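Below: one structure, written as structure tokens.
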Amino acid sequence: MIKFSEEVHGYMRAIHGGITKILFAPFRDAGLTPPQAFTLGCIRQLGDGATVGDVCRELKTPLSNTTNITLRLEKTGLITRRRDENDRRRVVLTVTNKGREAFKRADEVYEKLNERIDAVFTPEEKANILAALKMLEERVGEDGEQGERFNGKN
870 MIKFSEEVHG
880 YMRAIHGGIT
890 KILFAPFRDA
900 GLTPPQAFTL
910 GCIRQLGDGA
920 TVGDVCRELK
930 TPLSNTTNIT
940 LRLEKTGLIT
950 RRRDENDRRR
960 VVLTVTNKGR
970 EAFKRADEVY
980 EKLNERIDAV
990 FTPEEKANIL
1000 AALKMLEERV
1010 GEDGEQGERF
1020 NGKN
């Protein structure tokens, strides 16, 4: 008999894999990895003036990873990085025209995926799914009590 936790892992991997395959096809075509696409999208969402620290907090990723990804995005011309003149520790990020172009096709794909998800579930099913995901994140997510125990923080 399969353990509950193994079933959860299996479903999460399958869902993540399927969504990633659909959403990141336009980015793969542009030569971007999923972490680069997530980072670029986050910078775009936060708007001009976002910092590397802002992206770290939003994506819950380590500063070193985010810094390395933003350096690669800058090399490909998708973003610009500049030191804040008032605080040299801060690196301010801006999406370039090339970066915005990379999102045009991805936005279309994302919108179609969202329409598909919205169409196949009733409002009650949506509420149940969100409640279950929230419960899972609260109980075993990195910021939750269990997550801290798993990471040796307790």
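Numbers given in the working numbering equal positions in the sequence shown, counted from 1, plus 869. Just so you know, even glycine gets a beta-carbon here, dropped at the ideal spot from N, CA and C. As the structure is a computational prediction, the values presented were derived from the model and not from experiment.
| Asked | Found |
| --- | --- |
| One or two residues paired with T920 in a DSSP bridge | V961 |
| CB of L928 within 8 Å of CB of C911, strictly | yes |
| L909 and L942 closer than 8 Å at C-beta | yes |
| Which residues DSSP lists as bridging I948, in chain order | V964 |
| Extent of the continuous alpha helix (DSSP H) run through E1007 | P992 to V1009 |
| Reference V978; option with closest CA among T945, Q914, R957 and I888 | I888 |
| As assigned by DSSP and simplified to three states, the class of I871 | coil |
| D898, enclosing alpha helix (DSSP H) - first and last residue | A894 to D898 |
| Where E954 falls: helix, strand or coil (DSSP) | coil |
| Backbone secondary structure at T902 - three-state DSSP | coil |
| Own chain partners of E970 with C-beta closer than 7 Å, once the 5 adjacent residues on each side are dropped | none |
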